[in-house]
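Read through the structure below, which is laid out as structure tokens, and then see the notes.
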Amino acid sequence: MAGEKRIGILTSGGDCAGLNAVIRAAVFRAAELGWTVIGLKEGTMGLLSRPLQYEVLRPETFSGTVLRQGGTILGTTNRGNPFAFPMADGTVKDRSAEIIGGCRELGLDALIGIGGDGSFAILRRLAQQGGLNLVGIPKTIDNDVGMTEVAVGFDTAVAVATEALDRLQPTAASHARVMVLEVMGRDAGHIALNAGIAGGADVILIPEIPYSIEGIAAKIKQVRRGGRNFALVVVSEAVQTVEGGTLQKEYHGGEKRFGGIGDYLSERIASATGAETRVTVLGHVQRGSMPTWRDRLVASAFGVHAVDLIAAGKYDRMVAWSNRQVIDVPLDQAIANYQAVELNSPLVTTARGLGIYLGDLPDATSAR
Ligand code: F6P
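Numbering (our numbering), first residue to last: 8 to 375.
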């Protein structure tokens, strides 16, 4: 048995389904090794608070329900970069030393950060500055973390978006409507592409591929000529308007968030085709669900592997899924290799092969 260790674990950035399964797996594996796991509250915020906000996690913490539970029992945040922390007086302050001090106070031998590329960049900088032994576990419904085929939470988000299409189809057919479904994913179209194929969409629009209203209208008219009275359109939140630029809404405090591309397209589809259109914006429903079996499985494998990396003294690594294997890769490379949809990916070929309108690639036919 490797010597006794104290491992900190935190969830950072937007939540997603499967985070609790990751935490559980890490705690179970650590318990096998006789180690202690300390759950840090609300990402790095728990390490900024005094007294420190944390909880010692034991296998008993995880009753039968936690594995199945969405969200994160530790809490998380996608605010408060410790290197430029927004203070009450409107200034920003570098509070990184407080976080590093918090890790020292807890006597952490290693830190497991469950996050996306933004969180990893911050955690890695903290680790380098404070000599912390960091291991990363990728999670995000956007599935845009590099060097891994899958991040925790993606499968559930796709399942929810697919189910939304399943539910929209009968009502679309009943009223002979074009249903537009706006999904999340930020600058990566993975959720739209995967759910759109699985849910039988006629049009899938993703930020990576330009489109035209004429192209969408032509597809919908073709569907109608074929005798079908409805159509399903899936659009990623960060798809641009034809005029250029993404649609964002400004909220309290001046914060901007994606929103509106579904409505924008719905109006233009209606006027270009004469079809009756309706819009559904799926939003955070994609994040909050009970994790699918696949997310629980990936989460469990990642949690175990992260603890095994610590046992092997391998740090500054991210666990990853590749070619049916659980592997680990250098954390800096995972951060550097942001993974949007690749235009030559098998799913792009599949969508085009199915006759789905996926936008106007210059070489759309040769992409097959
Ligand atoms: O990155 C995950 C994600 O769900 C994006 O798909 C979405 O744009 C964003 O987070 C929403 O963030 P928030 O929860 O802050 O509204």
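Glycine included, every Cβ here is placed at the ideal spot set by N, Cα and C.
Item                                                                                                               : Value
Minimum length 3: unbroken beta strand (DSSP E) runs contained in the region 49 to 93                              : 61 to 64
Length of the line joining the Cα atoms of Ala371 and Ile14                                                        : Confidence at Ala371 is low in this model, with a pLDDT of 49, below 50, so the placement of that residue is unreliable and no value is reported for it.
Sequence-distant residues of its chain with Cβ nearer than 6 Å to Asp101 (five each side left out)                 : Phe90
Glu257 burial status per 10 Å Cβ neighbour count (16 or more: buried)                                              : exposed
Supposed contact pair Cys110 and Gly137 - C-beta distance, whole angstroms, cut 8 Å                                : 6 Å
Heavy atom of the ligand F6P within 6 Å of Gly261 beta-carbon                                                      : no
Cβ neighbour criterion (16 or more within 10 Å) applied to Ser373                                                  : At Ser373, the pLDDT of 45 sits below 50, so the modelled position is not reliable and the matter cannot be decided from this model.
Any non-hydrogen atom of the ligand F6P closer than 6 Å to Gly192 Cβ                                               : yes
Coil, strand or helix - Thr43 by DSSP                                                                              : strand
Where Met94 falls, given that 16 or more other Cβ within 10 Å makes a residue buried                               : exposed
Nearest residue (CA-CA) to Arg57, options Ala37, Arg359, Arg184, Gly108                                            : Gly108
Contact set for Gln332: own chain, Cβ-Cβ below 6 Å, skip 5 residues either direction                               : none
Arg132 to Gly295 span [Cα, whole Å]                                                                                : 29 Å
Endpoints, beta strand (DSSP E) assigned at Ala117                                                                 : 117 to 122
Limits of the alpha helix (DSSP H) - the one that Val165 falls within                                              : 161 to 182
Nearest neighbour of Arg184, chosen from Ile204, Arg285, Trp300, Arg31 [CA to CA]                                  : Arg285
Gly320: CB within 6 Å of a non-hydrogen atom of the ligand F6P                                                     : no
Range covered by the beta strand (DSSP E) that runs through Thr287                                                 : 283 to 288
Spatial distance of Ala347 from His197 (CA atoms)                                                                  : 7 Å
Close-in-space but distant-in-sequence residues of the same chain around Gly310 (CB under 6 Å, 5 per side omitted) : Val29, Ala32, Ala33
CB contact flag (Pro298, Thr163, <7 Å)                                                                             : yes
Own chain residues within Cβ distance below 8 Å of Arg375, not counting five before or after                       : Low confidence applies to Arg375: its pLDDT is 41, below 50, so where it sits in the model is not reliable, and the reading given next is rough at best. Only Thr356, Arg359, Gly360 meet the Cβ criterion.
is_contact[Ala38, chain D] using C-beta, thresh 7 Å                                                                : Absent here is chain D; the protein component of the structure consists of one chain.
Under the three-state DSSP convention, the category Val240 falls into                                              : strand
Candidates Leu26, Asp124, Leu368: closest to Ile342 by CA position                                                 : Asp124
Assigned secondary structure, Thr356 (DSSP; H/G/I helix, E/B strand, else coil)                                    : helix
Start-to-end residues for the beta strand (DSSP E) that takes in Lys226                                            : Here Lys226 belongs to no beta strand (DSSP E); instead the alpha helix (DSSP H) covers 220 to 232.
Sequence-distant residues of its chain with Cβ nearer than 6 Å to Phe69 (five each side left out)                  : Arg31
8 Å CB neighbourhood of Lys228 in its chain, flanking five on each side removed                                    : Thr280
Helix, strand or coil at Ala208 [DSSP, three-state]                                                                : coil
Nearest-angstrom Cα separation, counted from Glu274 out to Gly71                                                   : 47 Å
Residue nearest to Glu215 in terms of C-alpha spacing, selected from Ala195, Gly203, Arg231                        : Ala195
Exposure label - Arg324; buried when at least 16 CB within 10 Å                                                    : buried
DSSP state of Arg143 mapped onto helix, strand, coil                                                               : According to the sequence as given, residue 143 is Gly; it is not Arg. Three-state DSSP puts Gly143 in a strand.
Whole-Å CB distance - Met186 paired with Asn344, under 8 Å assumed                                                 : Rounded, the Cβ-Cβ distance is 35 Å, inconsistent with contact.
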